[in-house]
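Here the protein sequences line up with chains A and B, keeping their order.
Heads up: the first sequence at position 60 corresponds to 59 in numbering that gives the first Met the number 0, and the numbers run straight through without jumps.
Heads up: the second sequence at position 144 corresponds to 143 in numbering that gives the first Met the number 0, and the numbers run straight through without jumps.
Notes for the one structure printed next.
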Amino acid sequence: MAAKFLDHQESIKPGTSGLDITVAGLTKYLGGKVLYENFDLQIASGKITCIFGPNGCGKSTLLNMIAGLLPPDAGELRFGGLLRSQVQIGYVFQNYRDALFPWLRAKDNIEYPLLSAGLSRIQRRLRVEELAQQFNVGFDLSRYPYELSGGQQQLVSIMRALATRPNILFLDEPFSALDYEATLAIRDKLQDVFAATGVTIVMISHDLEEAVYLADHILLLTKRPTRLAERVVFEASRPRTLETLSAPEFVRIKAHSLDVFRREAS
Amino acid sequence: MMQRATPKTTRILSFLEGNTGTILLILIWWVVTALQLIDQVLLPTPVDTFLALWAGIFQGDLLRDFWLTLYRSLYAFIIAAILGIPIGILLGANERLYRSFEFLIDFFRSTPATAMFPLFLVVFGIGDFSKVAVAAFAGGLVIFFNVAYGVMNTRKTRIMAAKVMGTPRWRIFFDVIFFETLPQTFIGLRTAISLTLVVIIVAEMFIGSTNGMGQRIIDEQQVFDMPGMYASIIATGVMGYGLNQLFLLTENKFIHWKGR
């Protein structure tokens with residue numbers, strides 16, 4: 000089982016096999032009102048894509064549908080040539096408090112998805128150590144989540160989501176419950192992980208500056224019924240740093256995105 | 000000159016702080032009886048009461064009644080838990096099923112279990128078990144709806160988190176929903192143990208019993224052995240308090256994440 004799992008991981012190494020996400024003809028009604036109608040979207044693999052849009056346009060709903068947590072009313076979802084059940088997905092929720100298991104220690108939380116994947120105890124422990132090294136974790140992982148700070152808890156959530164070496168990592172407003180210092184730190188760790196693994200990252204953001212700073216592609220959504228207003232591409236080199244934030248190209252892209260958002264949200 | 004607080008004096012101070020109410024109550028009791036403000040027959044002195052408690056434990060058969068009542072309460076509680084937890088999980092997990100039973104559940108929750116004594120007497124006879132059964136019924140209901148409520152209010156995010164990892168359904172049930180439900184389950188268990196004790200005491204008083212704390216209290220009242228009656232009431236209170244503390248301790252140990 001374990002060997003099979005690793006083979007499976009080898010065969011669809013993220014970034015290499017091009018598991019682009021294709022959303023075609025997606026329709027979703029919520030509370031009798033149309034949220035998405037015949038909605039099409041492409042998300043490129045091996046890139047960071049940030050989704051930005053007005054309140055209530057269904058960003059989380061979209062992410063949940065792609066992740067297979069919520070059934071669409073109509074439409075098709077594809078991951079390269081594969082179905083949802085054939086790809087590994089990592090998911091980081093906005094509210095780490097509700098998403099981590101408080102009855103398990105931080106390291107057991109991170110190990111948890113590996114249990115269902117059929118890894119042995121030693122393999123699981125090694126993977127946690129590997130992640131701890133990769134993330135340069137400076138706190139005790141044998142503590143319980145409620146004993147950690149918000150930033151540390153969200154970091155544990157991200158490590159848990161990455162434990163199975165997913166093809167795609169989804170993040171739903173991962174920083175909105177964190178203070179600024181923690182946000183900056185985790186943002187950069189996320190960038191490091193991306194550089195090291197090339198995992199496809201799809202993130203919902205409520206902060207346009209953050210979205211542009213992290214993203215290769217920024218998807219700007221309209222108010223409901225939701226359409227894709229524009230796909231903005233930002234090709235600044237990585238790692239992006241504080242200097243990126245004042246680079247002319249960054250400022251231009253951000254201003255343009257804001258214009259589009261203002262036009263489409265009102 | 001200021002005196003530095005030694006560990007001993009701080010310990011005494013903190014003991015006083017936590018027990019001021021108790022000490023005050025005993026003091027008032029003592030003053031009232033010393034001044035004979037209340038008829039001695041209705042309210043014996045604290046000293047007489049504690050002497051009666053002492054005599055009951057070491058020369059009388061108070062302990063026998065104490066253990067019998069404790070045994071019946073625990074017996075009823077165990078039956079209540081064995082029935083209440085699985086049914087609670089079953090109905091909590093199927094909201095439709097719960098809806099269809101909701102009226103019945105609310106009805107029996109609101110009916111005092113003691114009103115069903117006669118029914119249980121008819122069904123189970125006048126033996127010991129009818130008392131245990133009616134207490135188990137009352138406790139089982141409390142456990143059942145607390146568990147069901149706990150299952151229904153599981154945080155959806157945790158289940159979604161487990162689901163997106165590819166965790167199989169049965170595993171989500173044991174690894175997530177079960178633990179999510181534990182805090183509420185324990186509230187149910189703690190309420191149920193108090194309730195089974197109440198019902199057992201009342202049952203011992205009024206359904207032909209020859210022993211148990213309930214019967215003992217009634218007997219002592221009949222013969223106006225007031226110090227003995229107060230002693231029995233205090234002993235019963237100690238039992239209830241002890242059971243509650245035992246559950247709180249277990250709860251705090253096992254459900255360390257509660258309320259955090």
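Beta carbons: idealized from backbone N, C-alpha and C, even for Gly.
- Message: Give me the chain B residues within the contact set of ASN166(A), using Cβ-Cβ distance strictly less than 7 Å, ordered along the chain.
- Response: Near ASN166(A) there are no residues of chain B at all, since even the closest Cβ is about 12 Å away, more than 7 Å.
- Message: If you measure between the beta carbons of ALA116(A) and MET158(A), is that distance less than 9 Å?
- Response: no
- Task: Would you check if there are 3 or more beta carbon pairs closer than 8 Å linking the region 24 to 35 of chain A to the region 73 to 80 of chain A?
- Result: yes
- Task: Pull out every residue of the region 138 to 172 of chain B whose Cβ sits closer than 7 Å to any Cβ of chain A, in chain order.
- Result: ARG154, THR156, ARG157, MET159, ALA160, LYS162, VAL163, MET164, GLY165, THR166, PRO167, ARG170
- Assuming VAL146(B) contacts GLY187(B) under a Cβ cut-off of 8 Å, what Cβ separation, rounded to an integer in Å, is found between them? 6 Å
- Answer yes or no: does any C-beta atom of chain A fall closer than 9 Å to that of PHE107(B)? no
- Message: Is there a C-beta anywhere in chain A that falls below 9 Å from the one on ILE77(B)?
- Response: no
- Query: Does ILE252(A) come within less than 9 Å of chain D when only Cβ atoms are used?
  - Reply: Going by chain labels, chain D is absent from the structure shown, which instead holds the protein chains A and B.
- Task: Give every residue of the same chain whose Cβ lies closer than 8 Å to the Cβ of GLN214(B), excluding the five residues on either side of it in the sequence, and list them in chain order.
- Result: ASP64, GLU203, MET204, SER208
- What do you reckon, are the CB atoms on MET212(B) and THR68(B) nearer than 9 Å? yes
- Message: Short of 7 Å in beta carbon distance, which residues of its chain neighbour GLU248(A), apart from the five on each side in sequence? Order them along the chain.
- Response: ALA235
- Cβ-Cβ distance between THR163(A) and MET164(B) below 9 Å: yes
- Neighbourhood of ILE171(B) by C-beta, 7 Å cutoff - its chain only, sequence neighbours within 5 removed: ILE158, ALA161, LYS162
- For ALA43(A), which three-state DSSP category applies? coil
- Message: By DSSP's criteria, PHE143(B) is part of a beta bridge. Which residues make up the other side?
- Response: None; PHE143(B) has no bridge partner.
- Message: Excluding the 5 residues flanking SER193(B) on each side, which residues of the same chain have their C-beta closer than 8 Å to its C-beta?
- Response: GLY239, LEU242, ASN243
- Item | Interface residues of chain A facing PHE178(B) [CB-CB closer than 9 Å] | PHE100, PRO101, TRP102, LEU103
- Which bits of chain A does ARG259(B) rub up against, with CB to CB less than 7 Å? PRO101, TYR145
- Message: Using the Cβ count rule (16 or more neighbours within 10 Å means buried), how would you classify PRO111(B)?
- Response: exposed
- Query: DSSP three-state call for ARG223(A): helix, strand or coil?
  - Reply: coil
- Query: Does the count of Cβ pairs from the region 83 to 94 of chain A and the region 164 to 175 of chain A closer than 8 Å reach three?
  - Reply: yes
- Item | Secondary structure of PHE169(A), DSSP reduced to three states | strand
- Against chain A: residues of the region 39 to 62 of chain B by CB proximity under 9 Å: none
- Message: When you compare the CB of ILE203(A) with every CB in chain B, is at least one pair closer than 9 Å?
- Response: no
- Item | 9 Å Cβ cutoff, ALA68(A) in contact with chain B | Before going further, note that residue 68(A) is Leu rather than Ala in the sequence given. For LEU68(A), the answer is yes, since a Cβ of chain B falls inside 9 Å of its Cβ.
- Query: At which residues does the alpha helix (DSSP H) containing VAL284(A) begin and terminate?
  - Reply: Here chain A covers residues 0 to 265 and nothing more, so residue 284(A) does not appear.
- With a threshold of 8 Å, establish whether the CB of SER148(A) neighbours any heavy atom of the ligand HEM. Inclusion of the ligand HEM in the displayed structure is not the case, the ligand content being empty and no account of it being possible.
- Item | Own chain residues within Cβ distance below 7 Å of HIS7(A), not counting five before or after | In this prediction, HIS7(A) scores a pLDDT of 44, lower than 50, which makes its location untrustworthy; the coordinate-derived value is nonetheless stated afterwards. Cβ within range, chain order: n/a, list empty.
- Is DSSP giving ILE206(B) helix, strand or coil here? coil
- Query: Using a beta-carbon distance below 9 Å, is PRO238(A) in contact with chain B?
  - Reply: no
- DSSP on ALA23(A), reduced to helix/strand/coil? strand
- How about LEU181(B): is its C-beta nearer than 9 Å to some C-beta of chain A? yes
- Beta-bridge partners of GLY89(A), as assigned by DSSP: LEU168(A)
- Task: Compare the beta carbon distance of ALA132(B) and PHE123(B) with 9 Å and say whether it is the shorter of the two.
- Result: yes
- Message: Using a 10 Å radius around the Cβ and a threshold of 16 neighbouring Cβ atoms, would you call LEU24(B) buried or exposed?
- Response: exposed
- Query: If you drop the 5 nearest sequence neighbours on each side, which residues of the same chain put their C-beta closer than 7 Å to that of THR15(A)?
  - Reply: Any reading at THR15(A) is ruled out, since the residue's pLDDT is 43, under 50, leaving its predicted position unreliable.
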